[in-house]
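Read through the structure below, which is laid out as structure tokens, and then see the notes.
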């Protein structure tokens with residue numbers, strides 16, 4: 383994502399462990415569509431990504447910018463909502479045909 387779309391950077395290495403996820407989720411909730419948050423961590427943030435995928439399905443996407451072994455950087459962005467009836471709308475049958483049968 384371009385610099386203009388990055389809302390904030392959070393280096394979780396300097397945040398007490400119990401405050402990390404609440405601070406990240408607070409920053410993510412403030413993002414507008416198309417904006418992103420960059421996170422720097424000392425470990426792979428897979429648990430955070432599982433939480434995002436489970437609690438906010440289809441609302442956020444992410445890209446690893448750096449993958450360890452000492453530093454992990456991640457760009458998490460709020461996805462733009464799909465317009466109803468769009469070509470990519472697969473509501474209904476859950477397959478790739480887009481039908482509502």
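Residue numbers (my numbering): 383 to 483.
Think of the CB as a built atom: it goes at the ideal place given N, C-alpha and C, for glycine as much as any other residue.
Can you check which of these residues, the options, is closest to residue i by C-alpha distance?
| i | options | result |
| --- | --- | --- |
| residue 434 | 460, 390, 398 | 460 |
| residue 443 | 418, 454, 409, 397 | 418 |
| residue 391 | 437, 399, 423 | 423 |
| residue 431 | 452, 403, 395 | 403 |
| residue 451 | 395, 398, 425 | 425 |
If I follow the unbroken beta strand (DSSP E) through residue i, where does it start and stop?
| i | result |
| --- | --- |
| residue 420 | 418-423 |
Return the bridge partner residues of residue i from the DSSP annotation.
| i | result |
| --- | --- |
| residue 484 | Nothing about residue 484 can be reported from this structure: the residues present for the chain run from 383 to 483 only. |
| residue 390 | 419 |
Go ahead and label residue i buried or exposed: buried means 16 or more other beta carbons lie within 10 angstroms of its beta carbon, across all protein chains shown.
| i | result |
| --- | --- |
| residue 406 | buried |
| residue 411 | exposed |
| residue 421 | buried |
| residue 413 | buried |
| residue 458 | buried |
Below 8 Å on the Cβ atoms is my contact criterion, and I expect residue i with residue j to pass it. Report the Cβ-Cβ distance as a whole number of Å.
| i | j | result |
| --- | --- | --- |
| residue 429 | residue 456 | Between residue 456 and residue 429 the Cβ distance is about 12 Å, and since that is not below 8 Å, they are no contact. |
| residue 445 | residue 416 | With a Cβ gap of about 14 Å, residue 445 and residue 416 do not count as contacting. |
Residue range of the alpha helix (DSSP H) that residue i falls in?
| i | result |
| --- | --- |
| residue 437 | 428-437 |
| residue 408 | 399-411 |
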